[in-house]
Amino acid sequence: MDFGLTDRVAFVAGASSGLGRAAALELVQEGCRAAICSRDEDRITDAADFIRDEADVAADRVVPLVCDVTDEDAVTDAVAKTVDAFGGLHVLVTNAGGPPSAAATEVDLEDYREAVELNLMSTVSLCEAALPHLRTAATEDDHARIIMVTSVSAKRPIPTLALSNTARAGVQGYAKSLADDLGPDEITVNTVLPGYTRTARLEDLADDIQAETGQSYDEIEADWADQNALPRIGEPDEFAATVAFLASERAAYVTGVALPVDGGRSKHLL
Ligand SMILES: NC(=O)c1ccc[n+]([C@@H]2O[C@H](COP(=O)([O-])OP(=O)(O)OC[C@H]3O[C@@H](n4cnc5c(N)ncnc54)[C@H](OP(=O)(O)O)[C@@H]3O)[C@@H](O)[C@H]2O)c1
Numbered sequence: 030m031d032f033g034l035t036d037r038v039a040f041v042a043g044a045s046s047g048l049g050r051a052a053a054l055e056l057v058q059e060g061c062r063a064a065i066c067s068r069d070e071d072r073i074t075d076a077a078d079f080i081r082d083e084a085d086v087a088a089d090r091v092v093p094l095v096c097d098v099t100d101e102d103a104v105t106d107a108v109a110k111t112v113d114a115f116g117g118l119h120v121l122v123t124n125a126g127g128p129p130s131a132a133a134t135e136v137d138l139e140d141y142r143e144a145v146e147l148n149l150m151s152t153v154s155l156c157e158a159a160l161p162h163l164r165t166a167a168t169e170d171d172h173a174r175i176i177m178v179t180s181v182s183a184k185r186p187i188p189t190l191a192l193s194n195t196a197r198a199g200v201q202g203y204a205k206s207l208a209d210d211l212g213p214d215e216i217t218v219n220t221v222l223p224g225y226t227r228t229a230r231l232e233d234l235a236d237d238i239q240a241e242t243g244q245s246y247d248e249i250e251a252d253w254a255d256q257n258a259l260p261r262i263g264e265p266d267e268f269a270a271t272v273a274f275l276a277s278e279r280a281a282y283v284t285g286v287a288l289p290v291d292g293g294r295s296k297h298l299l
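Under this note's numbering, read the sequence shown as residues 30 to 299, first letter to last.
Next up, the structure:
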């Protein structure tokens, strides 16, 4: 299938590792030019080198940017730099790290505020900054997409991830609202909900469980895998392939969807 992504411009946030980096790599392999951001200059520069090497593309097709997505001005600046570098923006992938593990009563107001800033408000500010450029892309090139990385915890909250459960639910509500608002402009808005996928974040969560229960990493992984229809942990490239499809021209009539990429962990009928 031709995804129609050749020379399209993507901005992928939280892309120095894990799911963000995998999504950026997949988009570049499908022909996109990409700006990628994270908080750390060395890590995002390394990620850009990794993507160029893996995709075998010229240096100027991947632009690393330092941007903390909780800083509204930095977000505006990063999106402006993307448009300066590539002349437009067709695909926005919102992403960041996940908040710490905790049950609902183990955290305080400030923890909730930080989680909402990290996962919800960053999504809103990325969309606000990108929207004028996405509207231009929808008008001139008939191709503008917003893809938000959330979590399976948005569909079935995970008791030890109260901060994530809370912030992701907000993102799902925002995505649905935005999909309706932007439909007349032919801009699609979808969320992708990773299940347990092999990244640094998963190792951090395993460390927390190990500290609490004394289980080995293999036992923790087996417990996670057993919850899925496909009894294994996901790989970042499996997640990334879904992002690339939603970014593609072929996904033009898919909007307002919350798509789990979770090996069948979500057991809901719909
Ligand atoms: N992996 C899973 O199993 C899984 C499952 C469900 C949901 N998720 C969610 O999916 C998202 C991505 O997870 P992941 O597994 O890819 O985690 P990861 O490997 O830890 O990657 C997180 C990325 O976000 C960047 N980042 C963190 N805070 C940022 C900020 N304020 N501004 C800009 N960039 C920031 C990090 O880069 P720097 O440190 O260089 O800034 C890194 O590139 C997270 O929200 C996570 O909770 C993951």
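Beta carbons: idealized from backbone N, C-alpha and C, even for Gly.
With H, G and I counted as helix, E and B as strand and the rest as coil, what does DSSP make of residue i?
i: S67; result: strand
i: V91; result: strand
i: I187; result: coil
i: R294; result: coil
i: L160; result: helix
i: G153; result: First, the amino acid is wrong: residue 153 is Val here, not Gly. Helix at V153.
i: P223; result: strand
i: V136; result: coil
i: P289; result: strand
i: L121; result: strand
i: A76; result: helix
i: G116; result: coil
In whole angstroms, what is the alpha-carbon distance linking residue i and residue j?
i: F115; j: P213; result: 26 Å
i: R294; j: A196; result: 20 Å
i: L138; j: A144; result: 10 Å
i: G47; j: V86; result: 20 Å
i: A198; j: P260; result: 26 Å
i: R142; j: D170; result: 38 Å
i: A76; j: M150; result: 25 Å
Can you find a CB in chain B that lies within less than 9 Å of the CB of residue i?
i: N148; result: Annotation note: the requested chain B is absent from the structure, which comprises a single protein chain.
Near residue i, which residues of its chain fall below 7 Å by C-beta distance, leaving aside the five closest residues on each side in sequence?
i: E101; result: S154
i: W253; result: Y225, I262
i: E278; result: F32, G33, H172
i: P289; result: V181, K184, L222, G224, S295
i: A88; result: R81
If I measure Cβ to Cβ from residue i and keep anything under 6 Å in the same chain, skipping five residues before and after, which residues do I get?
i: I216; result: L163, A167, A173
i: N124; result: A42, G43, G49, V178
i: Y246; result: A235
Out of the options, which one is the CA nearest neighbour of residue i?
i: R81; options: D140, E59, T99, V112; result: E59
i: D36; options: G117, S67, S245; result: G117
i: C61; options: V38, P93, V98; result: V38
i: I176; options: A109, A276, T165; result: A276
i: V98; options: A76, T165, A158, L211; result: A158
i: F70; options: L94, A52, D89; result: The displayed chain sequence assigns Glu, not Phe, to residue 70. Minimum Cα distance to E70 is reached at L94.
i: A133; options: C156, T105, A77, A191; result: A191
Ordered along the chain, which non-local residues of its own chain (more than five positions away) have a Cβ less than 8 Å from that of residue i?
i: A208; result: T217, V218, N219, T284, G285
> Does the region 204-216 come within contact of the region 265-276, defined as at least 3 CB pairs closer than 8 Å?
Replying inline: no
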